[in-house]
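J.:
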Amino acid sequence: MSVRELVVLGTASQVPTRHRNHNGYLLRWDGEGMLFDPGEGTQRQMLRAGVAAHDINRICVTHFHGDHSLGLAGVIQRINLDRVPHEVSAHYPASGQRFFDRLRYATAYRETVELIQAPVAADGVLAETGSYTLEARRLSHPVESYGYCVTEPDGRRMLPEELAAHGIKGPDVGRLLREGEVNGVTLAEVSEVRKGQRFAFVMDTRLCDGVHALADGCDMLVIESTFLDEDGQLATDHGHLTAGQAARAARDAGVRHLVLTHFSQRYSDPDEFERQARAAGFDGELTIAQDLLRVPLPKRHQ
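Going by my numbering, the first residue of the sequence shown is number 115, and it counts up by one from there.
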């Protein structure tokens, strides 16, 4: 059975706290794992969360500030130490190639795994598989930053009443799915589009076109809300979002499940992020992220 869930490894912003590690998020998508923004301490958080190096197929870094990338050195070395049997792809802003190289070769180790470097230089598709398309969109931050989205291809939902009305049953249903037509009956006549699931990951940024494009129609949006609304000017000055801004973007994009994260250490009450998100009009499923939390993607609409 396929598993699609977010494993939260860390939720702090620039400064970790007693209860929040630096960033780190693993998306389990069917048989693959995508590790987003491994900050300092990610390798240990993986151990605590039950995430193995073998679970990682892709590493996606939004930008090269330390709380989003200092864990790369340890994670890459662990992948090699554990002799992960599959290749691992790494996506990151091309302008930060020197930082990636320094982190990849921060200390001596034996390379046993093929690590494919796939830097991001512009908006667009990064990878396509039978299970998903991975895309990147430019964000607005003092250093070059990209958000990522994972989109499942649309499928078809068979309509039993239409199948019966057209006399399609048994093996002919499978033939119809494969071939698109059986006995003069087309797939479109007895089925409807089943929208593929969509996940987006948006870290350090001001509001911009990239935020809205990534959030559009998401089943789950993981997005930074570094500041509360009363500190909106600080958010703008430093290239971040407030809880209200993130929630309004999610509301306007039709997001089903909003996950707020990347909290400044200045705040001691996480419930205030939820209050401000609700006050902004977001009425979907809402999670205020905590370290080591597992959040399943919403079930498809029936």
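A virtual CB, placed ideally from N, CA and C, is assigned to each residue, including glycine. Being a predicted model, the structure only gives us computed values, none of them experimental.
How many Å lie between L400 and P410 at the Cα?
T.: Their backbone Cα atoms lie some 12 Å apart in a straight line.
J.: According to DSSP, what are the bridge partners of M334?
T.: Paired residue(s): F313 and H371.
J.: Just to confirm my understanding: we take G147, look at its own chain, exclude 5 residues before and 5 after, and list those with CB closer than 6 Å. What are they?
T.: The answer, listed in chain order, is L140, D169, I170 and N171.
J.: Tell me the DSSP secondary structure of Q231 in three-state form.
T.: Here Q231 sits in strand by DSSP.
J.: Which residue comes first and which comes last in the alpha helix (DSSP H) that contains G180?
T.: Where G180 is concerned, the enclosing alpha helix (DSSP H) stretches over G180 to S183.
J.: Taking the alpha-carbon positions, what's the R380 to Q404 distance?
T.: In a straight line, the C-alpha of R380 is about 16 Å away from that of Q404.
J.: Which residue comes first and which comes last in the beta strand (DSSP E) that contains F150?
T.: F150 -> beta strand (DSSP E) spans E146 to F150.
J.: Alpha carbon to alpha carbon, what distance is there between A204 and L161?
T.: L161 and A204: Cα-Cα distance of roughly 21 Å.
J.: Mind checking whether F213 and F178 have CB atoms under 7 Å apart?
T.: Yes, these two residues count as a Cβ contact at 7 Å.
J.: For L301, which residues in the same chain have their Cβ closer than 6 Å to its Cβ, ignoring the five residues on either side in sequence?
T.: Taken in chain order, the residues that qualify are L290 and G294.
J.: Mind listing, in chain order, the continuous alpha helix (DSSP H) runs of no fewer than 4 residues lying wholly within the segment 273-316?
T.: For the segment 273-316, whole alpha helix (DSSP H) runs of length 4 or above, ordered along the chain, are 274-279 and 285-293.
J.: Between the segment 251-263 and the segment 344-359, are three or more C-beta pairs nearer than 8 Å?
T.: Flag = yes, the segment 251-263 and the segment 344-359 touch.
J.: My parser needs the beta strand (DSSP E) runs of 3 or more residues fully inside the segment 119-206; what are they?
T.: DSSP runs (the beta strand (DSSP E)) wholly in the segment 119-206: 138-143, 146-150, 172-174 and 202-205.
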